[in-house]
Structure formats: structure tokens, C-alpha cells
Ligand SMILES: NC(=O)c1ccc[n+]([C@@H]2O[C@H](COP(=O)([O-])OP(=O)(O)OC[C@H]3O[C@@H](n4cnc5c(N)ncnc54)[C@H](O)[C@@H]3O)[C@@H](O)[C@H]2O)c1
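Residue numbers (the working numbering): 1 to 360.
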């Protein structure tokens with residue numbers, strides 16, 4: 001704690017060079033409303049795009065001024081200008097594309113979830129590491145005001161010893177944006193709460209045990225879980241609660257977080273979840289034992305979509321430049337996936353599960 005007030009900086013660290021060539025695989029929703037607007041804002045250089053549906057790739061290229069559209073992944077990988085392959089397809093397609101990209105000597109940024117199976121994710125991470133290539137995963141919530149601000153407060157010592165953390169999101173999710181997701185057996189934890197899991201790990205480290213209950217709204221036309229309640233236990237005594245319901249039918253929706261410690265409390269809102277994908281800025285408030293009753297408030301126009309999407313790509317570029325690992329590297333993401341699959345095991349076996357039980 002260097003001063004009487006927290007010192008927060010929400011700007012993502014940028015690479016030294018902006019001319020790393022990016023080749024995008026997948027021209028779907030998230031690439032159009034998040035990746036490309038963020039890269040344009042950051043000044044990153046997108047050189048090519050491919051999609052198995054060529055018309056989508058062409059439309060995206062025209063709208064975002066991407067110079068080359070390729071018919072196939074092979075053609076995109078053969079382009080020497082492509083240094084980083086940005087993979088934004090369905091989770092069960094990522095491994096195959098990632099492996100081909102690594103074989104072609106490219107660094108990779110993969111969308112979350114890195115895979116729908118832990119062992120497949122571990123295989124890709126090992127392959128990239130053995131090839132000496134950098135890999136990162138799009139867990140961009142770490143670059144939101146809520147999480148980046150909270151992490152800085154924690155590392156600056158304002159919270160003291162963490163005792164409690166919660167993220168509670170009760171919203172109405174429009175699953176028609178992701179019909180492929182709604183049709184599968186695993187939904188909420190793998191595709192949505194994975195952001196909260198990754199962020200809570202970033203703040204508090206690995207939980208020792210997790211217990212999760214999964215459910216859905218009565219009559220919902222899916223076999224998957226759309227409501228989850230997860231409790232994490234740490235041997236230190238720290239407790240975490242993740243409470244998510246995507247099926248709220250009335251207007252009283254909320255997306256809040258609260259992190260408590262021996263010296264301070266942080267609380268706020270996750271703006272994106274009030275109005276996806278437009279969203280609104282996060283709020284973050286903080287009170288310290290040193291100034292009881294006085295709430296420090298951070299306001300910022302920075303948005304999850306698209307602004308936070310500069311973070312994972314910028315971090316990957318920095319890793320390529322300096323040889324360290326990206327903040328959301330592949331190997332770090334395996335720990336997020338261990339918690340994800342521990343939560344599924346907990347739902348299925350109705351018991352507390354250690355993430356260490358999840359192995360390749
Ligand atoms: N980080 C986030 O916050 C966030 C948000 C939304 C989606 N996502 C993830 O991004 C990925 C894409 O989601 P979306 O919403 O854009 O889906 P989408 O259905 O809108 O688009 C997917 C695109 O990938 C293309 N595609 C699929 N397989 C392909 C292949 N083998 N080769 C080339 N193209 C292929 C499809 O034709 C489609 O255009 C998913 O993994 C999803 O989980 C992440």
C-alpha cells in the first residue's frame with residue numbers, strides 16, 4: 001500500500017510492436033462484435049480470415065477491412081504474414097485447428113473454453129510448449145474493470161487476507177445467439193461461468209474443493225444446466241460462492257461481485273451482463289478499515305466488449321516479444337479447466353471434488 005488511496009490502472013499493457021500478423025479462424029458472432037473491434041482499437045494488424053462458411057468470412061472481411069479471405073485453414077497457415085492464429089470456433093473444433101497451426105509454426109490464441117474435454121486441452125498445451133510456441137486463451141474478463149481493479153486492490157494489500165468472494169449473476173440469456181451451445185449436455189459452467197472461475201482463480205488462487213449444483217428452469221428445452229450454484233473451499237478458510245441463473249423472467253436482473261478481506265471490502269457490478277453484448281461499464285467500490293464508511297468509487301468507460309478483448313491478444317504478443325508466458329497462457333488455463341471439470345464431476349456425483357482429481 002503505497003498511498004492513502006488505491007492506485008488503479010485499467011489500461012491493458014500493449015506489446016512493443018503492433019505489426020504481429022493475425023490470421024483469424026472463424027467469422028462468427030464474437031469475432032465480429034468483439035475481436036475485430038478490439039483489434040482495430042488497439043491498432044493490431046489482422047492480415048487474413050477463414051471460415052468454413054466462406055460467405056461469412058467475406059462479409060466479415062469487408063466490414064472490418066481484413067485484406068485476405070482464404071478458402072481453407074491450410075491456405076491461411078501457408079501465409080507467411082500470419083504469425084498468430086486467432087481461433088474462434090466451436091470448442092470441439094479448437095484442438096484440430098490448434099494442432100495444425102502449431103505444426104505450421106504459428107502462435108495461437110484460442111477462444112474459451114479451450115476444449116470440451118480436459119485431455120484434449122492438455123494435449124494442445126503440451127504440443128505448443130514442445131514446439132516453443134506461445135499460446136493464450138481468451139479469458140478476457142481478467143481485463144475488465146471489475147477484475148483488474150480488484151486484483152490491483154488485492155496485490156496492493158488493500159483487502160488484507162481474503163475471507164470471502166462472490167459473483168452473482170441473474171440474467172436473461174438469449175441462447176439463440178449460440179444454438180450449438182444450447183443443444184449440448186454441458187452449458188453454463190463450460191461456456192459462461194468459466195469466466196468467473198478464471199477470474200476468481202486469478203484473484204484467489206486454486207480452490208481446494210468445489211461443490212456445485214446444476215439445474216435449469218422448469219420446462220426449459222435443453223438437457224444442460226442453465227442455473228448453477230458453486231461453493232469453493234480453501235484450506236486457508238477463504239470461501240467463494242458463484243451463483244448464476246440465465247433464466248430470469250422478470251426485470252429485476254443483477255450481476256454483482258463482492259470480495260471481502262480482513263482489511264477491506266470490494267463490491268460492484270459486471271456491466272456486460274445487464275445488456276449482452278452491448279453492456280455498460282462495470283462499477284467498482286471499495287472500503288478500507290482505515291477509512292470506515294468512506295467508499296472509494298472507480299468509474300471508467302472501459303467495456304468488457306470490445307475493450308477487454310485487447311487484453312489476451314496484447315498479452316500473447318508481449319509473450320512472443322519477451323519470451324515469458326501470456327497472463328492467460330495455455331498452461332494457466334488448464335487450471336481453470338480443472339475447476340470447470342471438477343464442478344461437473346461435483347454436479348454428477350453430488351459431492352465436493354478437488355480440482356486436482358481432474359487429470360489428462
Ligand atoms: N470470450 C468470450 O467472451 C466469448 C463470447 C462469445 C463466444 N465465445 C466463444 O467463441 C467461439 C465462437 O463463438 P461465436 O459466438 O462466434 O459462434 P458462432 O456460431 O457465431 O460462430 C462460429 C463460427 O465458426 C465457424 N467455424 C466452425 N467450425 C469451423 C472450422 N472447423 N473451420 C473454420 N470455421 C469454423 C462457423 O462457420 C461460424 O462462422 C466459441 O468457442 C464460444 O465459446 C467466447
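Here a beta-carbon is modelled for each residue, glycine too, at the ideal position from N, C-alpha and C.
Values in this document were obtained by computation on a predicted structure and should not be read as measured data.
key: As assigned by DSSP and simplified to three states, the class of residue 285   = Translated into the one-based positions of the chain shown, residue 285 becomes position 285. If DSSP states are grouped into helix, strand and coil, residue 285 belongs with the strands.
request  = Could you spell out the range, first to last residue, of the beta strand (DSSP E) harbouring residue 331?
outcome  = Indexing the chain shown from 1 puts residue 331 at position 331. From DSSP, residue 331 is part of no beta strand (DSSP E) but of the alpha helix (DSSP H) over 330–349.
task = Grab me the residues of residue 13's own chain with a C-beta within less than 8 Å of its C-beta, minus the 5 sequence neighbours each way, in chain order.
result = Taking the chain shown and counting its residues from 1, one reaches residue 13 at position 13. Within the same chain, residue 13 has close Cβ partners 314, 315 and 318.
query = Is residue 30 near ligand 1, judged by its Cβ being under 6 Å from some heavy atom?
reply = In the chain shown, the residue the question calls residue 30 occupies position 30. At least one heavy atom of ligand 1 is nearer than 6 Å to the Cβ of residue 30, so yes.
message = Pull the bridge partners of residue 110 from the DSSP assignment, please.
response = For this step, residue 110 is matched to residue 110 along the chain shown. Partner(s): 87 and 137.
key: Any non-hydrogen atom of ligand 1 within 6 Å of residue 58 CB   = Within the chain shown, residue 58 is the residue found at index 58, counting from 1. No, Cβ of residue 58 sits at least 6 Å from all heavy atoms of ligand 1.
ask   = Between residue 175 and residue 289, what straight-line distance do the alpha-carbon atoms span, to the nearest angstrom?
value = Along the chain shown, read from residue 1 onward, the residue named residue 175 stands at position 175. Along the chain shown, read from residue 1 onward, the residue named residue 289 stands at position 289. Rounded to whole angstroms, residue 175 to residue 289 spans 43 Å at the Cα level.
ask   = Any idea which residues DSSP pairs residue 65 with across the strands?
value = Residue mapping note: residue 65 aligns to position 65 of the chain shown, counting from 1. Answer by DSSP bridge pairing: none, since residue 65 is not bridged.
message = Please tell me whether, using a cut-off of 6 Å, the distance from the CB of residue 38 to the nearest non-hydrogen atom of ligand 1 is below it.
response = Residue mapping note: residue 38 aligns to position 38 of the chain shown, counting from 1. Checking the Cβ of residue 38 against ligand 1 gives no.
ask   = Quick check: the segment 195–213 against the segment 276–294, are there 3 or more CB pairs under 8 Å?
value = no
request  = Starting from the N-terminal side, write out each stretch of the alpha helix (DSSP H) that is 4 residues or longer and does not extend beyond the segment 120–204.
outcome  = 145–155, 179–182 and 194–204
Coil, strand or helix - residue 118 by DSSP = Here residue 118 refers to the residue found at position 118 when the chain shown is read from its first residue. The answer is helix: DSSP assigns residue 118 an H, G or I state.
task = Keeping to the same chain, check which residues put their C-beta closer than 6 Å to that of residue 247; ignore five residues upstream and five downstream.
result = The residue given as residue 247 occupies position 247 in the chain shown. For residue 247, where only same-chain residues beyond five positions count, the Cβ hits under 6 Å are 217 and 226.
ask   = Under the rule that 16 or more other beta-carbon atoms within 10 Å means buried, what is residue 324, buried or exposed?
value = For the purposes of this step, residue 324 is taken as the residue at position 324 of the chain shown. Under this definition residue 324 is an exposed residue.
Where the beta strand (DSSP E) containing residue 24 begins and where it ends = Residue mapping note: residue 24 aligns to position 24 of the chain shown, counting from 1. That run of the beta strand (DSSP E) goes 21–25.
key: Straight-line gap, residue 215 to residue 249 (C-alpha atoms, nearest Å)   = Working through the chain shown from its first residue, we reach residue 215 at position 215. Working through the chain shown from its first residue, we reach residue 249 at position 249. Spanning the two alpha carbons is a distance of roughly 16 Å.
ask   = Run through DSSP, which three-state label would residue 33 get?
value = The count along the chain shown starts at 1 and reaches residue 33 at position 33. In this structure, residue 33 counts as helix in the three-state DSSP scheme.
query = Cβ atoms of residue 85 and residue 21: under 7 Å apart, would you say?
reply = To locate residue 21, count along the chain shown from 1; it is residue 21. To locate residue 85, count along the chain shown from 1; it is residue 85. The answer is no: Cβ separation not under 7 Å.
message = Taking 6 Å as the cut-off, is the C-beta of residue 53 nearer than that to any heavy atom in ligand 1?
response = Numbered from 1 along the chain shown, position 53 holds the residue referred to as residue 53. Yes, ligand 1 has a heavy atom inside 6 Å of this Cβ.
ask   = What three-state label does DSSP hand residue 58 in the structure shown?
value = Sequence index remark: in the chain shown, residue 58 carries index 58 (1-based). Residue 58: helix per DSSP, three-state reduction.
ask   = At least one CB of chain C closer than 7 Å to the CB of residue 235: is that the case?
value = Within the model displayed, chain C is absent; a lone protein chain is all it includes.
key: Candidates 245, 264 and 270, of which the one nearest residue 255 by Cα   = As a first step, residue 255 must be located in the chain shown, where it is residue number 255. The shortest Cα separation from residue 255 among 245, 264 and 270 belongs to 270.
query = In the DSSP assignment, what are the bridge partners of residue 247?
reply = Looking up residue 247 in the chain shown gives position 247. In the DSSP output, where bridge partners are listed per residue, residue 247 has 172.
message = In the DSSP output, what is residue 255 paired with across the bridge?
response = Reading the chain shown from its first residue, position 255 is the one you call residue 255. DSSP output for residue 255 lists 169 as bridge partner(s).
request  = Might you give, ordered along the chain, the residues of its own chain that have their beta carbon closer than 6 Å to the beta carbon of residue 358, omitting 5 neighbours on each side?
outcome  = Looking up residue 358 in the chain shown gives position 358. Cβ within range, chain order: 118, 338, 341 and 342.
ask   = Measuring from the CB of residue 340, is there a heavy atom of ligand 1 at a distance below 6 Å?
value = By one-based count along the chain shown, residue 340 stands at place 340. No, the Cβ of residue 340 stays beyond 6 Å of every heavy atom of ligand 1.
inquiry  = Would the segment 48–55 count as touching the segment 101–114 if we require 3 or more Cβ pairs under 8 Å?
reply    = no
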